[in-house]
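Enquirer: Per this note's numbering, residue 8 is the first one in the sequence shown, and the count goes up by one each step.
A virtual CB, placed ideally from N, CA and C, is assigned to each residue, including glycine.
This is the structure I want to talk about, given as structure tokens.
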Amino acid sequence: MKTIKILAIVGSLRRDSFNRQLALEAKEVIGSRAIFKLLEYQDIPLLNQDIEYPAPESVKRVRDEVKSADGIWFFTPEYNHFFTGVLKNLIDWLSRPISDEEPQILAGKPAAISGISPNMGGTGLAQDHLVTLISFLDMDVMNVPRLTIPNAMEQIDNQGKLTLKSSYPYLERQADAFISFLQGRL
Ligand SMILES: Cc1cc2nc3c(=O)[nH]c(=O)nc-3n(C[C@H](O)[C@H](O)[C@H](O)COP(=O)(O)O)c2cc1C
8 MKTIKILAIV
18 GSLRRDSFNR
28 QLALEAKEVI
38 GSRAIFKLLE
48 YQDIPLLNQD
58 IEYPAPESVK
68 RVRDEVKSAD
78 GIWFFTPEYN
88 HFFTGVLKNL
98 IDWLSRPISD
108 EEPQILAGKP
118 AAISGISPNM
128 GGTGLAQDHL
138 VTLISFLDMD
148 VMNVPRLTIP
158 NAMEQIDNQG
168 KLTLKSSYPY
178 LERQADAFIS
188 FLQGRL
């Protein structure tokens, strides 16, 4: 049987990002059921159509990683009730056709969404906006379940480390659901 490849895209470049830590926790929960990799994309430039073709090497690299993944799992922070600018910039790059022969690579790609924030909304609003965007780009979104983790500080220790407590079963549930979602599409 083919090994599933999941690519995690974290919408925060912050070193100790809660969402990055959540993605690393998801990697543990997925375990041997899939290859799970975090996309590193801090080196991609701001999209400027003057530099779009030929695409910068960093953009080619992230496109290759996205292309070879069976599914994308987004971990999004919430900034001003929206997802972050760095994530929008990345998705804008990915949304563009590579050439006249090769269309954009997000269409049809399965996607899951999670997020954690210190506030009460738990990134729900950011996730709704992200769904609007990636649905427009024709991604195959797993809308149920999504994972929204509010009040992050209740699950962060005094070293800033995420120690999931009450949310852990929900992460497990989403991981199980995404594996089934992907298996149904192989
Ligand atoms: C510009 C800005 C706007 C923010 N707006 C929100 C918001 O609308 N809702 C929310 O829950 N948290 C908001 N926050 C707090 C973030 O949730 C918090 O900084 C979080 O740690 C970011 O995710 P990260 O830890 O993965 O980097 C905001 C933070 C910044 C820097």
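With distance defined between alpha-carbon atoms, name the residue in Arg180, Met146, Leu154 and Pro117 nearest to Ile13.
Expert: Here the question's residue 13 lines up with position 6 in the sequence shown. For Ile13, the nearest C-alpha among the options comes from Pro117.
Enquirer: Assuming the contact rule is C-beta atoms closer than 8 angstroms, Gly167 and Thr91 should be a hit. Round their C-beta distance to whole Å, please.
Expert: Translated into positions along the sequence shown, residue 167 becomes position 160. Translated into positions along the sequence shown, residue 91 becomes position 84. Actually they are not in contact, since the Cβ atoms of Gly167 and Thr91 sit about 19 angstroms apart, beyond 8 angstroms.
Enquirer: Using only alpha-carbon positions, find the residue among Leu20, Val148, His88 and Arg40 that is nearest to Asp50.
Expert: Position 43 of the sequence shown, counted from the first residue, corresponds to residue 50. Taking only the C-alpha atoms, the option nearest Asp50 is Leu20.
Enquirer: For ligand 2, I want to know if Ser121 counts as a neighbour, meaning its beta carbon is within less than 8 angstroms of at least one of the ligand's heavy atoms.
Expert: In the structure shown, ligand 2 is absent; the only ligands present are ligand 1.
Enquirer: I need the straight-line Cα distance from Val138 to Val148, nearest angstrom please.
Expert: If you number the sequence shown from 1, residue 138 lands on position 131. If you number the sequence shown from 1, residue 148 lands on position 141. Val138 and Val148: Cα-Cα distance of roughly 7 angstroms.
Enquirer: What runs of the beta strand (DSSP E), each 3 residues or longer, lie entirely inside the region 60-136?
Expert: 78-82 and 117-123
Enquirer: Which first and last residues belong to the beta strand (DSSP E) in which Ala159 is found?
Expert: Indexing the sequence shown from 1 puts residue 159 at position 152. Ala159 -> no beta strand (DSSP E), and no H or E assigned at all.
Enquirer: With distances taken from CA atoms, which of Glu32, Arg27, Trp80 and Glu108 is nearest Ile186?
Expert: Residue 186 sits at position 179 when you count from the first residue of the sequence shown. The shortest Cα separation from Ile186 among Glu32, Arg27, Trp80 and Glu108 belongs to Trp80.
Enquirer: Consider the C-beta atom of Val17 and the heavy atoms of ligand 1; say whether any pair is separated by less than 8 angstroms.
Expert: Reading the sequence shown from its first residue, position 10 is the one you call residue 17. Yes.
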